[in-house]
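Peer 1: Residue numbers (the numbering used here): 2 to 148.
Positions of the beta carbon are idealized from the N, C-alpha and C atoms, including for glycine.
Dropping a structure here in structure tokens format, bear with me for questions.
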Amino acid sequence: MMPPRIPVTEAQIDRVVSQFYARVRAHPALGPIFAAHIEDWPAHEEKIGRFWRNALLLQRCYDGNPMQAHMAAGNVKTQHFPVWLSLFDAVLEQELPPPLAQAWSALVHRIGRGLSYGLPQEDGKAQMPYLGEAWTKKAPVSAQSGE
Numbered sequence: 002m003m004p005p006r007i008p009v010t011e012a013q014i015d016r017v018v019s020q021f022y023a024r025v026r027a028h029p030a031l032g033p034i035f036a037a038h039i040e041d042w043p044a045h046e047e048k049i050g051r052f053w054r055n056a057l058l059l060q061r062c063y064d065g066n067p068m069q070a071h072m073a074a075g076n077v078k079t080q081h082f083p084v085w086l087s088l089f090d091a092v093l094e095q096e097l098p099p100p101l102a103q104a105w106s107a108l109v110h111r112i113g114r115g116l117s118y119g120l121p122q123e124d125g126k127a128q129m130p131y132l133g134e135a136w137t138k139k140a141p142v143s144a145q146s147g148e
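Right under this line is the structure:
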């Protein structure tokens, strides 16, 4: 059995998921987006709990496709992710000791960044990931320098 990626408990995961979705449902921008797709909140929270058990505890108990689900929703846009991330970070800070909150937050931000790349922006076009200045301003390879 592999050690967990982040040593949180199942109870902590359940609390974070529950508190996060309570905030989402009350949020003026995110609430209506989620409400348009989720009819059974307990079932959704249980599914997302499995996602985090898989991601954090390596339990192999989640078989969904988050990218496909978010793309299929049709009303999830890249500009929603900063709001989603700030709500999640606030819950992590409230529910977990700082080292665990920071480690989980780093993973949440990587996942959020990945999901947002495939979704439409306000103009309806997909966002291209920024690979950094080194990729956009690479010097041509010189045959004389031996590179």
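Enumerate in chain order the residues of its own chain whose CB-to-CB distance from S106 is below 6 Å, with the five nearest sequence positions on each side excluded.
Peer 2: D90, L93
Peer 1: Alpha helix (DSSP H) containing Y63: first to last residue?
Peer 2: Note, Y63: premise wrong, no alpha helix (DSSP H); not H, not E.
Peer 1: Write down the C-beta distance between L88 and V9 rounded to the nearest angstrom, noting that I regard them as a contact closer than 8 Å.
Peer 2: Between V9 and L88 the Cβ distance is about 18 Å, and since that is not below 8 Å, they are no contact.
Peer 1: Measuring alpha carbon to alpha carbon, tell me which of H110, G65, G115, P83 ends up nearest G50.
Peer 2: G65
Peer 1: In chain order, what residues of the same chain have a beta carbon less than 6 Å from the beta carbon of M3, not counting five sequence neighbours either side?
Peer 2: If we look at M3 and ignore the five residues flanking it on each side, its Cβ neighbours are L59.
Peer 1: Out of R6, I14, I7, D41, which has the shortest C-alpha to C-alpha gap to I96?
Peer 2: According to the sequence shown, residue 96 is Glu rather than Ile. Checked all of R6, I14, I7, D41; the closest Cα to E96 is I14.
Peer 1: Does R54 pass the burial test, meaning 16 or more other C-beta atoms within 10 Å, or should it be called exposed?
Peer 2: Classification for R54: buried.
Peer 1: Alpha carbon to alpha carbon, what distance is there between V109 and P83?
Peer 2: 11 Å
Peer 1: Beta carbon of A27, beta carbon of H81: below 8 Å?
Peer 2: no
Peer 1: I believe G113 touches L86 by the beta-carbon criterion, under 8 Å. Please report the beta-carbon distance rounded to the nearest angstrom.
Peer 2: Here G113 really is in contact with L86; their C-beta atoms are around 5 Å apart, less than 8 Å.
Peer 1: Leaving out five residues before and five after E46 in sequence, what residues of the same chain have Cβ atoms less than 7 Å from its Cβ?
Peer 2: V18, S19, Y22
Peer 1: Given a cut-off of 8 Å, decide if V77 and I39 are closer than it, judged by their beta-carbon atoms.
Peer 2: no
Peer 1: So what's R6 in DSSP terms, helix, strand or just coil?
Peer 2: coil
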